[in-house]
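S.K.: In the numbering used here, the protein residues as written are 3 to 217.
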Ligand SMILES: [Zn+2]
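1. Return the bridge partner residues of residue 49 from the DSSP annotation.
2. Indicate, with yes or no, if ligand 2 has a heavy atom lying under 7 Å from the CB of residue 86.
3. Which same chain residues end up closer than 7 Å to residue 115 when comparing Cβ atoms and leaving out the 5 residues on each side of it in sequence?
4. Can you tell me whether DSSP reads residue 134 as helix, strand or coil?
5. Nearest CA to the CA of residue 68: which residue from 3, 98, 146, 16?
6. Across which residues does DSSP place residue 215 in a beta bridge pair?
7. On a CA-only basis, which of 94, 101, 186 is nearest residue 49? Give me that one, please.
8. With respect to 7 Å, is the separation between the Cβ of residue 100 and the closest non-hydrogen atom of ligand 1 below this value?
9. Rounding to the nearest angstrom, what Cα-Cα distance links residue 86 and residue 98 in this structure?
10. Would you grab the beta carbon distance between residue 202 and residue 70 for me? Rounded to a whole angstrom, and I think it's under 8 Å.
11. Please state whether DSSP places residue 67 in a helix, a strand or coil.
12. Return helix, strand or coil for residue 189, following the three-state DSSP convention.
13. Comparing C-alpha positions only, which one of 146, 25, 180 sits nearest to residue 207?
14. Where does residue 225 sit, in a helix, a strand or coil, going by DSSP?
15. Could you tell me whether any non-hydrogen atom of ligand 1 is closer than 7 Å to the CB of residue 82?
16. So, at 6 Å on beta carbons, what are the nonlocal neighbours of residue 18 in its own chain, with the 5 sequence-adjacent residues on each side left out?
17. For residue 150, collect the residues of the same chain with a Cβ closer than 6 Å to its Cβ; drop the 5 residues on either side in sequence, then sort them by chain order.
18. CB-CB under 8 Å to residue 175, same chain, minus the five flanking residues each way: which ones, in chain order?
19. So the candidates are 13, 187, 194, 193; which of them puts its Cα closest to the Cα of residue 210?
20. Looking at the secondary structure, which residues open and close the beta strand (DSSP E) in which residue 152 lies?
21. What did DSSP end up calling residue 4 once you bin it into helix, strand or coil?
22. Leaving out the 5 sequence neighbours to the left and right, which residues in its chain are closer than 8 Å to residue 30 when beta-carbon positions are compared?
Structural data, given as structure tokens:
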């Protein structure tokens, strides 16, 4: 997905409440066209009389719109930057950029909230396109009630149960199942539960042409 500012602000508020006990004041979130980073926190360090950094001001989170990542990765990127913000805001002295405090908070969020945060941002389009392993993919393309298209790459043994849950979901209007060995689908996580990853239909279309429809 390519995020918008409104989307990121809404996610910020939601993760602030669920992962940071609502302790993070809102800061500007801006979109960037950079290819060199997926997300970045910028701020002016505040120092004490000894020159030690004890806080920050003029915080801005920048998220690049150059990468069409799965929604979960966009969210993870935002949370990653929020951890940096939380550390600076509280004047915590970490052992390095992604030091002990960063990793402890990251681990806590991953365990409590089932996220997949990493210290490096996982994938840029180059990395996604580099994953060229040929594997079988069983996936569902859904039309959602809000008009978006979403994809779910399913573990083979979970196809039936996922389809059953989609049938009762108010979010999902229609579904179509496919099989493909196109490595393009490697970029999506293999789901055991009915997760929906919104995709750009135009980006998906060429990869559907080589796919076989599942009855
Ligand atoms: Zn970082």
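Glycine included, each C-beta is placed from N, C-alpha and C at the ideal position.
M.R.: The short version:
1. 55
2. Among the ligands present in this structure, namely ligand 1, ligand 2 is not found.
3. 20, 21
4. coil
5. 3
6. 180
7. 94
8. yes
9. 11 Å
10. 6 Å
11. coil
12. helix
13. 180
14. Since the first residue of the chain shown is 3 and the last is 217, residue 225 is not available in this structure.
15. yes
16. 24, 26
17. 200
18. 144, 145, 146, 147
19. 187
20. Its beta strand (DSSP E) spans residues 151–156.
21. Of the three classes helix, strand and coil, the one that applies to residue 4 here is coil, per DSSP.
22. Only 61, 62, 63 meet the Cβ criterion.
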